[in-house]
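Structure record follows, encoded as structure tokens.
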Amino acid sequence: MPVATRSQSLSTPEPQLKIQGSYTSEKVCSGLSKPSETQKCIDSSGDDVSFAAKKRLDRNGERKMPLNTTHPSVNLFQTRITRSQSHSNEKTQVFHSEGLAIAEAEAGANQRRIAMEKEELDTPFMPARSTGLFTPAVMGAYSWVKRSEAANPNAKQNSLVTGHEIDPSTAASISMRARYIQTVGPKLSSVPEIMAATPKTVACAGSLRDAKAAGLKGRQLNDGLEAALSDDGMQSGRIMVYVRLRPLSKMEKEAGSRSCIRIVNKRDVYLTEFALETDYLRLKRLRGRHFAFDAAFPENTGQQEVYDTSTAELIEGVMQGRNCSVFCYGATGAGKTYTMLGTMQSPGVMVLALKDLFFKLKQQSRGDDYVVKLSYLEVYNESVRDLLSPGRPLVLREDSKQGIVAAGLTQYQAYSADEVMILLQRGNQNRQTEPTRVNETSSRSHAILQVVAEYKVQQEASYVSRVGKLSLIDLAGSERALATDQRTLRSLEGANINRSLLALSSCINALVEGKKHIPFRNSKLTQLLKDSLGGACQTAMIANISPSNICFGETQNTLHWADRAKEIRTKVSSNEDLQIPESQEDQTKLLLQMQKENQQLRFQLANLQQKYLAVQSASISATPNGLDPHLNEPPSPAQFLSPTPSARLSAINSSNSKRRRRCTQDGSANGDTAADKMIKELKRRIQVMEMEAERVQRQTAKREENYNASIVTLHQEHNVQLKHKDDFIRKLCERITAGEQTIPKNKYYKSPEKYQNLKDEAENIRNENFSSTVVATSKVAKASERLKMLASPKVPRNTCPLPSSKGTLVPASEQQKRTVRLRRTSTLTTLPPITPLQRFRSPAKKEAATGAKKRTFWDISNTNSPAVLGRVRPTKSHLSTPSMLLQPGFARRLSSQA
Ligand SMILES: Nc1ncnc2c1ncn2[C@@H]1O[C@H](COP(=O)(O)OP(=O)(O)OP(=O)(O)O)[C@@H](O)[C@H]1O
4 MPVATRSQSL STPEPQLKIQ GSYTSEKVCS GLSKPSETQK CIDSSGDDVS
54 FAAKKRLDRN GERKMPLNTT HPSVNLFQTR ITRSQSHSNE KTQVFHSEGL
104 AIAEAEAGAN QRRIAMEKEE LDTPFMPARS TGLFTPAVMG AYSWVKRSEA
154 ANPNAKQNSL VTGHEIDPST AASISMRARY IQTVGPKLSS VPEIMAATPK
204 TVACAGSLRD AKAAGLKGRQ LNDGLEAALS DDGMQSGRIM VYVRLRPLSK
254 MEKEAGSRSC IRIVNKRDVY LTEFALETDY LRLKRLRGRH FAFDAAFPEN
304 TGQQEVYDTS TAELIEGVMQ GRNCSVFCYG ATGAGKTYTM LGTMQSPGVM
354 VLALKDLFFK LKQQSRGDDY VVKLSYLEVY NESVRDLLSP GRPLVLREDS
404 KQGIVAAGLT QYQAYSADEV MILLQRGNQN RQTEPTRVNE TSSRSHAILQ
454 VVAEYKVQQE ASYVSRVGKL SLIDLAGSER ALATDQRTLR SLEGANINRS
504 LLALSSCINA LVEGKKHIPF RNSKLTQLLK DSLGGACQTA MIANISPSNI
554 CFGETQNTLH WADRAKEIRT KVSSNEDLQI PESQEDQTKL LLQMQKENQQ
604 LRFQLANLQQ KYLAVQSASI SATPNGLDPH LNEPPSPAQF LSPTPSARLS
654 AINSSNSKRR RRCTQDGSAN GDTAADKMIK ELKRRIQVME MEAERVQRQT
704 AKREENYNAS IVTLHQEHNV QLKHKDDFIR KLCERITAGE QTIPKNKYYK
754 SPEKYQNLKD EAENIRNENF SSTVVATSKV AKASERLKML ASPKVPRNTC
804 PLPSSKGTLV PASEQQKRTV RLRRTSTLTT LPPITPLQRF RSPAKKEAAT
854 GAKKRTFWDI SNTNSPAVLG RVRPTKSHLS TPSMLLQPGF ARRLSSQA
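Going by this note's numbering, the sequence shown opens with residue 4, and the numbers climb by one from there.
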């Protein structure tokens, strides 16, 4: 039996093994031989580990590697780790000491690489492509370059696409970076901890994403080119997005904050979150992101440079008659107002833009033939205010021509930049600014300066009038409640600001995702920005960020939304040019022509409206509404445009018959079920209508009852009044008769006053009675009239309503019978056969008809009053010698006798 003679201790990570048997230690250690089947391997603790040892020896033996040496891959990793560590340390040191120099060196290297890439693109591209060296991004960029060159051969060196001038070097740089990342990226990603150790490596990690971004960009560029090549008269462009970094403020420096932003190549923004050296947990979870924008301005960039890069191009747009807008976006205290307004020493974008605009207007327009209109408004706590003439909040209205407008906003005309500056200053004094803990002069509102330039430019022989609009927007900054640490009004302002900015971000999201509905109506701000974001407008966005690591969250947020906004597409179009002829005669001709055209268009519009109404009414009358949506389909417009009315009529008829036919066809096609459904629906409708009719009838009956009751009361009142009247007359007659009897005839001549008094009294009574009778009779007449009206429209021709019928319809003959019966039985409620009015008038009419002499009131009263005739016992004198007072013409006779 072989016995273990020696034991071999192996270097870590191998455990100490004792080989039992005749196997030599050298062979085992070198891994060139295997222990025999009979040998055992025992570790230092005495356990049998033969199986594991064998397996390991097998592996080493296959690879012919000595056991006591590290595996080459481990070695490789170890060297890499050491090298990377030393490299990163070195880099970190260099970065901290000579950050600027590195940035410059990088910039130089990049330029060189770009030049190389350009060469490469031009010559050995095809073989490289065939070896699969290039990513799809590179391919995309290359094809884009080529197509752009083909589209615009003259712009090979300078510009490619008309919408956005991106030169070949940019495209080349994208492709170069994509390729570089493709080869380097995988290696870097395998050691993420090392990568995260310095900003440089974070930048590399960001580059991985950049590769994707480059791919995306390639696609976008392709899209851009295609859109530019499509000849629809509109240039499709996207919002240009710029980022501006402000320097660390004194307060931030004192608080010991560090910069978490690095801008490379004036377009790449690297955001890194620094962990505290003692924060071991977070050391490994370092966050970082990379963004690429149209331009990024480091902290030392001047106002003029920001203006030249971002806004100067828009002024050119205004001079082409376009709508342009530029807005600043960012967290509170990030430098938006500084960028937009600036200071007296270094004026901002607004001031520089207006100066530039006036300069260009003077240069390009005909003489001084231009007008600049200016308005300035703010959105404070969701209400719109005029900053140039403060007053009541303004209402936003949507105008088909001008888009969203604030009704009642004052527009000032300015003829020089100085005038504009005065207005701007005035407006800023009215703007809401308050100190917060983050910013001493924090803007609490969104401010919008709108400049409309109307001018004429020469184009060949004639002058062209143009209107360009420029909107300069300074948004209020988003803020955390804790950051401003304000209560009451400040917190309310903050909440409103955040709400409107949230609405803005949801609009950006919807626009980027290409949704149909964009929620512009969610806030006043988004309503006002509707044109800038989604309309025919050339727009630039400047995202302001703070470098402080304290504001990491806000900065990340701003960069995220700015990055999203890059993908928004707008339609850039010129406002319609109007050619104005030179001579006055031609101008008058043009004016007349336009007036005529205008009139014709109005006429056409009126015609079309009329036709539309006709179609609507025809479709409503032809079909039961809502049963079939196809049935409301109007006839074709071509039919309606036919000149003859008969043709138009036939169009309507044919469309109606078509509908009917379709209705029947549908019924047969869908079988009985459709027909049943229709019948059920119709039955249901009929039921509803019957119920409605019943309800109306009940209402009518109730009203009739009420009116009848009121008529009866009126009759009673009237009868009482008549009775009073008769009593008075009777008394008067008695008194007169008594007077006649007591006073001899000749005494009349001696007491004319008494006679006159009596006469006046009689006259008064007459008047009183007359007016009361007239009022009463008119009331009765009105009531009967209303009753008639109430009853008549609901009644079929052969029926008429009966007051006591309680809503049921009775034939006319039956009605007449009932009325007669009622008259006979009831004395109080019976309607008089002749209405009081008729009663008052009828005798006179009868007299007039028979040619008799017209009677006086007294004659009528005596004739008609049953009280006088019935109740008063006629005296002798009354019968034989009628009273002289009652004799017509008595007064006349008296005076003639006198
Ligand atoms: N690029 C810059 N250079 C120098 N100072 C700057 C710069 N940007 C901003 N500042 C300073 O930072 C401070 C805050 O700037 P500003 O008021 O413009 O911030 P804001 O974004 O408008 O804030 P808010 O939204 O609260 O109004 C100001 O004192 C301003 O002078």
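Yeah, the Cβ is synthetic: ideal placement off N, Cα and C, and Gly gets one too. None of these values were measured; they are calculated from a predicted model.
- Under the three-state reduction of DSSP output, Leu608 falls in the helix class.
- A check of alpha carbon separations from Arg524 across Val354, Ser403, Gly259 and Ile407 identifies Ile407 as the nearest.
- CA-to-CA, the gap between Lys376 and Leu412 works out to about 12 Å.
- Here Arg261 is not near Ala337, since their CB atoms are 9 Å or more apart.
- Leu344 sits in coil when the DSSP states are folded into three classes, being neither helix nor strand.
- Apart from the 5 residues on each side of it in sequence, Thr342 sits with its Cβ closer than 7 Å to the Cβ of Arg247, Val309, Cys331, Gly351, Val352, Ile545 and Asn547 in its chain, given in chain order.
- Around the beta carbon of Met322, 16 or more other beta carbons lie within 10 angstroms, which makes this residue buried.
- About 6 Å separates the Cβ atoms of Glu381 and Arg434, confirming a contact at the 8 Å cut-off.
- For Ser252 and Pro550, the gap between their C-alpha atoms comes out near 9 Å.
- For Ser386, the enclosing beta strand (DSSP E) covers residues Ser386 to Asp389.
- By the C-beta criterion, the segment 311-319 is judged not to be in contact with the segment 527-540, since fewer than 3 inter-stretch pairs fall below 8 Å.
- In the three-state DSSP reduction, Ala337 falls in the coil class, being neither helix nor strand.
- Asn547 has its CB nearer than 8 Å to a heavy atom of ligand 1.
- Under a 10 Å Cβ-count criterion, Met597 is classified as exposed, with fewer than 16 other Cβ atoms of the shown protein chains found around its own Cβ.
- Leu452 places its beta carbon 9 Å or farther from that of Tyr373.
- Under the three-state reduction of DSSP output, Ile521 falls in the coil class, being neither helix nor strand.
- In this structure, Val387 lies away from Ala356, with their beta-carbon atoms at least 9 Å apart.
- Between the segment 443-452 and the segment 289-306, the count of C-beta pairs closer than 8 Å stays below three; the two stretches do not touch.
- Looking only at Leu399, Leu475, Ser403 and Gly480, the smallest Cα-Cα distance to Thr439 is reached by Gly480.
- Looking at the DSSP output, Met544 sits in a beta bridge with Val244 and Phe330.
- For Phe361 and Glu302, the gap between their C-alpha atoms comes out near 29 Å.
- Annotation for Lys569: no beta strand (DSSP E) segment contains it, and DSSP assigns it neither H nor E.
- Ranked by how close their Cα comes to the Cα of Lys728, the residues Asn499, Glu766 and Arg701 have Glu766 in first place.
- Looking at the DSSP output, Val272 bridges to Ile266 and Phe294.
- Annotation: Gln619 to Ala609 spans about 15 Å, alpha carbon to alpha carbon.
- Counting only residues of its own chain and dropping the five nearest sequence neighbours on each side, Gln367 has a CB closer than 8 Å to the CB of Met322, Tyr458 and Val460.
- In this structure, Asn442 has its CB closer than 8 Å to one or more heavy atoms of ligand 1.
- Contact between Ile553 and Leu514 does not hold, since the beta-carbon distance rounds to 32 Å and is not under 8 Å.
- The beta carbons of Val455 and Val467 sit about 17 Å from each other, so the pair does not count as a contact at 8 Å.
- With respect to the 9 Å criterion, Ala539 and Ile242 are not classified as neighbours on the basis of their beta carbons.
- In the structure shown, the three-state DSSP call for Thr312 is helix.
- Out of His293, Leu725, His449 and Arg502, the CA that lies nearest to the CA of Thr558 is found in His293.
- The continuous stretches of alpha helix (DSSP H) do not include Ile553, and DSSP gives it neither H nor E.
- In the three-state DSSP reduction, Thr413 falls in the coil class, being neither helix nor strand.
- Burial of Lys527 is indicated by the presence of at least 16 other C-beta atoms within 10 angstroms of its C-beta.
- C-alpha of Ala450 to C-alpha of Leu426: approximately 14 Å in a straight line.
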